[in-house]
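Chemist: So the sequences go chain by chain: A and B. Using this note's numbering, the first residue of the first sequence is number 1, and each one after it goes up by one. Using this note's numbering, the first residue of the second sequence is number 1001, and each one after it goes up by one. In this text, a Cβ means the ideal position worked out from N, Cα and C, and glycines have one as well. Since the model is a prediction, treat every value here as computed from it, not as a measurement. I'd like to ask you about the structure that follows.
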Amino acid sequence: MVQAIVQILITTFVEPLTKALRNARERYPALFDILGAAAIWLIFAALVLWAITSEAQLVVIGIIVGSILALGAIGLTLIYGIMKFANFAHGDTMMLGAYVAFFVLTGTVARTAREDTELPWSIGSLPGALEPIGKLTFGYGLIIGTLVAAVVIALFLVALNHLVYRPLRKRGSSIVVFAVTSLGLAMVTRALMLIIWGPDPRVYVSGIHIADKYDLGFTTITLKADQIFMFAVAIVLTVLVYFLLFRTKLGKAMRAVTDNPDLARVSGIDTEQVFTWTWVIGGALVAVAGVLLALQTQLNPILGFVLLLPLFASTILGGIGSPQGALAGAMIIGISQEVSVGIDLSIGGLEILPLAPAYKFSVAVVIMIFTLLVRPQGLFGAKA
Amino acid sequence: MKAERLLTPLSFLAITAAVIIMPAERSGWNFDSVISFLTAFATTVAIFAVITLGLNVQWGYTGVFNFGIAGFFMVGAYTAAVFTKSPAESEFVRYIGGFGDSLAFLPFLDSGQWLPFVFGSVAAALMAGALAFALSIPTLRLRADYLAISTIGIAELLRAVVLEERGLVNSARGLIGIPRPFHDFFEPDDYKFVYFGIAVLVLIVVFVAVERGIRSPWGRVLRALREDELTTAASGKNVFGFKMQGFIFGAMIMGIGGSIYAYERGSVSPDTFTPFFATFIFWVMLMVGGSGNNRGAILGAYIVWGIWTISLQLQGYDMPEFVRSRIFFVRDLLIGSLIVIVLLLRPAGLIPEERKVSLFIGRDTGPRPRGPTAEPQPPDEPPPD
Chain A
1 MVQAIVQILI
11 TTFVEPLTKA
21 LRNARERYPA
31 LFDILGAAAI
41 WLIFAALVLW
51 AITSEAQLVV
61 IGIIVGSILA
71 LGAIGLTLIY
81 GIMKFANFAH
91 GDTMMLGAYV
101 AFFVLTGTVA
111 RTAREDTELP
121 WSIGSLPGAL
131 EPIGKLTFGY
141 GLIIGTLVAA
151 VVIALFLVAL
161 NHLVYRPLRK
171 RGSSIVVFAV
181 TSLGLAMVTR
191 ALMLIIWGPD
201 PRVYVSGIHI
211 ADKYDLGFTT
221 ITLKADQIFM
231 FAVAIVLTVL
241 VYFLLFRTKL
251 GKAMRAVTDN
261 PDLARVSGID
271 TEQVFTWTWV
281 IGGALVAVAG
291 VLLALQTQLN
301 PILGFVLLLP
311 LFASTILGGI
321 GSPQGALAGA
331 MIIGISQEVS
341 VGIDLSIGGL
351 EILPLAPAYK
361 FSVAVVIMIF
371 TLLVRPQGLF
381 GAKA
Chain B
1001 MKAERLLTPL
1011 SFLAITAAVI
1021 IMPAERSGWN
1031 FDSVISFLTA
1041 FATTVAIFAV
1051 ITLGLNVQWG
1061 YTGVFNFGIA
1071 GFFMVGAYTA
1081 AVFTKSPAES
1091 EFVRYIGGFG
1101 DSLAFLPFLD
1111 SGQWLPFVFG
1121 SVAAALMAGA
1131 LAFALSIPTL
1141 RLRADYLAIS
1151 TIGIAELLRA
1161 VVLEERGLVN
1171 SARGLIGIPR
1181 PFHDFFEPDD
1191 YKFVYFGIAV
1201 LVLIVVFVAV
1211 ERGIRSPWGR
1221 VLRALREDEL
1231 TTAASGKNVF
1241 GFKMQGFIFG
1251 AMIMGIGGSI
1261 YAYERGSVSP
1271 DTFTPFFATF
1281 IFWVMLMVGG
1291 SGNNRGAILG
1301 AYIVWGIWTI
1311 SLQLQGYDMP
1321 EFVRSRIFFV
1331 RDLLIGSLIV
1341 IVLLLRPAGL
1351 IPEERKVSLF
1361 IGRDTGPRPR
1371 GPTAEPQPPD
1381 EPPPD
């Protein structure tokens, strides 16, 4: 009976619609392609233009959030493009990176649920390591911590690649097995963070941070020095990854594997080596992203999974395998999230924005599904 | 290979022994408290087995990669709750519906004790099915991993709606005081056995429905398209339509599972339906038990929920403070490692799928001819009767 009802529903409502859409798509493929991309860009440009005239501050915060997301999304998009699976552990790995830097800086672990234990020595006890650099809130200790975290996370991911993902690959497992495995590893990573550092949120540097005012002519915005630093780090690292991909031999090999792994292998590229390097790059980037995220918000084990959806949304919106796409996607997601929960908009007396804060990450989900409908290959992705 | 064959019964026995012995020892071998502990445990296993069967229809048989189980589970549980509760009265507790009193319209057989619950479960199935229908239009044509990301996102979006829309289902505080079927007919102490019976009955009905559905021509199409969509399409089957039907059928089962969960707990709260708990645990259950096998799905629910329960029981034992204060996180670590280890070492699960086209081969036609080109049979497949 149910089957019959479903069948009737499909034939009357769904099929004519999808058929019409498919026909149009087949007849004018280029037109649809351009329309999809144009729709995304136009909607976004309108949003930014409108938001910048009324609430420029929100756009600026969105750009900062976007640059943190971008570092995570670039690693995710490389892993996704080269190893062809969705890594659900990426958000939790990001948070783990933040915690490793925290550990290197302070030497703190949780002893019980309420108390901490500090190691007798950590980077933070070096002379001047906690002294703020210029107007930033942190000293060179955190920079050392970040570098150590990048190395540790890269090694951690390479170890997981060898212990878990490579055996699965050898057996020719489906992408679904990879995805479920990575979800399991996400749970393991989060449990490790909770066991070692406990569930309470932490910060690198406590206290009130003073923001500077900047006059843009038509409006003023407030920015902390840390936030300018985050944006600069994100841009520099993205440019580095871009050069690595398009100017080095390893990058050429990575792009070849993204396009066609079998063809890459028969042309003599050691794909396993490419995979290992992908984990190294993705891990280092995501660790830095984690530290910046914790600087902007806080260290909290549950934050990793919350960020996974914006990360995936940025990756899919930008096009899988494309680092510049991930950057653009992350900026769009970051700005849309901040603007939609902070700005007032009512049309005909009906209040549309701001959304309640709980919907912040739902914005990313909606953008992602919209992208998958109008342009599944993303803004910069190769044609599927 | 002999040792491997023992894995399934051994893991079953180990879990059973631990689940009986640990509460028995803690209660000083008090028979009554052990029985009531085991009843509660078995009831939860039955409820979660129903949801795992729903996932088995979607993933094990149809090949639809649903990472949004929490969404269907939640919709089922909340629908059942608003169908059986009385209308909201205070301004601090606000929710829609509350049809419990008006649904008890039969003047005989104490219909208030059972009729709203039947309606609640049916409505839960329909709502979850409708959600699956709505989701399948944009997402079901996508690649498997896109589908997974979209479904996990939509499940979280629904949870945000439940948390944020205060008039809908009482937001973060959840709904409490959900009535229980046949509650007034029995002594409070005996009620748990009654509800255990109800949960097992639902499990049996769902199990039989899935088994019959999967062994019907309809089920064979689902399994065919799971293996190869192109070939199935070439055989004249509407791949999208069948995929959608499998997805909706599985979602309806999850909705029913959600409804009997709500009646058993007596309360629902959005905290339950996080992706880590309400989606991941069912994937672990299915993968441990064996996807594509309904008995495996039930065994997986038993074993994984057994491990979950045991690790909570450990709290009562003497152990270092370091571990005691982290017992929940250690449990998460165990469950997360379990799925990775199972997928690495025993990807087919404890009871692998039976690779049989029809039950009648061997019974009605004699043994299947085995030429030199016949596929090697997996070692742990039982010989045909």
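(1) Expressed to the nearest angstrom, what Euclidean distance is found between the alpha-carbon atoms of residue 156 of chain A and residue 1267 of chain B?
(2) Using the C-alpha atoms, what's the distance from residue 45 of chain A back to residue 1341 of chain B?
(3) At the level of alpha carbons, what is the spacing between residue 326 of chain A and residue 147 of chain A?
(4) Between which two residues does the alpha helix (DSSP H) containing residue 994 of chain B stretch?
(5) Can you find the residues in the same chain that come closer than 8 Å, C-beta to C-beta, to residue 1248 of chain B, ignoring five residues on each side of it along the sequence?
(6) Just to confirm, are residue 301 of chain A and residue 95 of chain A a CB contact at a threshold of 9 Å?
(7) Return the residue from the list B:1262, B:1245, B:1300, B:1086 that minimises the CA-CA distance to residue 7 of chain A.
(8) Can you give me the C-alpha to C-alpha distance between residue 211 of chain A and residue 289 of chain A, rounded to a whole angstrom?
(9) Rounded to whole angstroms, what's the CA-CA distance from residue 377 of chain A to residue 1083 of chain B? Just pull it up for me.
(10) Along the chain, where does the beta strand (DSSP E) that runs through residue 1278 of chain B open and close?
(11) With distances taken Cα to Cα, identify the nearest neighbour of residue 313 of chain A among A:265, A:180, A:379.
(12) Using DSSP bridges, identify the partner residues of residue 351 of chain A.
(13) At a cut-off of 8 Å, would you count residue 5 of chain A as near the ligand MG, judging by its Cβ distance to the nearest heavy atom?
(14) Drop a sphere of 10 angstroms on the beta-carbon of residue 273 of chain A, count the other beta-carbons inside from all chains shown, and report buried for 16 or more, exposed for fewer.
(15) In whole angstroms, give me the CA-to-CA distance for residue 228 of chain A and residue 137 of chain A.
(16) Just to confirm the assignment: which complete alpha helix (DSSP H) runs, minimum length 4, are found wholly within the region 239 to 296 of chain A?
(17) Checking contacts by CB at 9 Å: is residue 1139 of chain B closer than that to chain A?
(18) Which same chain residues, not among the five before or five after residue 1052 of chain B, have their C-beta less than 8 Å away from its C-beta?
(19) Do residue 1263 of chain B and residue 1178 of chain B count as a contact pair if the criterion is CB distance below 9 Å?
(20) Quick one: grab the DSSP three-state call for residue 1095 of chain B.
(21) Output needed for residue 1236 of chain B: all residues of its chain with C-beta closer than 7 Å, excluding positions within five of it in sequence on either side, in chain order.
(22) Quick one, which residues of the region 1145 to 1163 of chain B are near chain A if we go by CB-CB under 7 Å, in chain order?
(23) Whose CA, out of A:337, A:86, A:78, A:11, lies closest to the CA of residue 60 of chain A?
(24) Taking just the CA atoms, how far does residue 1081 of chain B sit from residue 1103 of chain B?
(25) Can the beta-carbon of residue 1038 of chain B be found closer than 9 Å to that of residue 192 of chain A?
(26) Can you give the beta carbon distance from residue 304 of chain A to residue 91 of chain A, rounded, assuming they're within the 8 Å contact cut?
(27) Using the Cβ count rule (16 or more neighbours within 10 Å means buried), how would you classify residue 181 of chain A?
(28) Considering only their Cβ atoms, is the gap separating residue 239 of chain A from residue 292 of chain A smaller than 9 Å?
(29) Is the separation between the beta-carbon of residue 280 of chain A and that of residue 164 of chain A shorter than 9 Å?
(30) Using only alpha-carbon positions, find the residue among A:209, A:34, A:129 that is nearest to residue 145 of chain A.
(31) When you compare the CB positions of residue 358 of chain A and residue 1160 of chain B, do they come within less than 9 Å of one another, or not?
(32) Comparing alpha-carbon positions, which option in B:1250, B:1253, B:1224 lies nearest residue 1239 of chain B?
(33) Identify the continuous beta strand (DSSP E) that holds residue 110 of chain A and give its terminal residues.
(34) By how many angstroms is the C-alpha of residue 40 of chain A removed from the C-alpha of residue 341 of chain A?
(35) Please report whether the beta-carbon of residue 1371 of chain B lies at a distance below 9 Å from any beta-carbon of chain A.
(36) Quick check: what's the CA-CA separation for residue 1019 of chain B versus residue 362 of chain A?
Modeler: According to the structure data:
(1) 41 Å
(2) 47 Å
(3) 23 Å
(4) Past the boundaries of the shown model lies residue 994 of chain B; chain B is included only from 1001 to 1385, so the question cannot be answered.
(5) 1129, 1132, 1133, 1136
(6) yes
(7) B:1245
(8) 21 Å
(9) 43 Å
(10) From DSSP, residue 1278 of chain B is part of no beta strand (DSSP E); its letter is neither H nor E.
(11) A:379
(12) A:346
(13) Of the ligands one can find in the structure shown there are none, so the ligand MG has no counterpart to examine.
(14) exposed
(15) 12 Å
(16) 249 to 259, 261 to 266, 271 to 296
(17) yes
(18) 1282, 1285, 1286, 1289, 1297, 1298, 1300, 1301
(19) yes
(20) strand
(21) none
(22) 1145, 1146, 1148, 1149, 1150, 1153, 1154, 1156, 1157, 1160, 1163
(23) A:337
(24) 13 Å
(25) no
(26) 4 Å
(27) buried
(28) no
(29) no
(30) A:129
(31) yes
(32) B:1224
(33) 108 to 110
(34) 20 Å
(35) With a pLDDT of only 44 at residue 1371 of chain B, under the threshold of 50, the placement of this residue in the model should not be trusted, and no figure is reported.
(36) 40 Å
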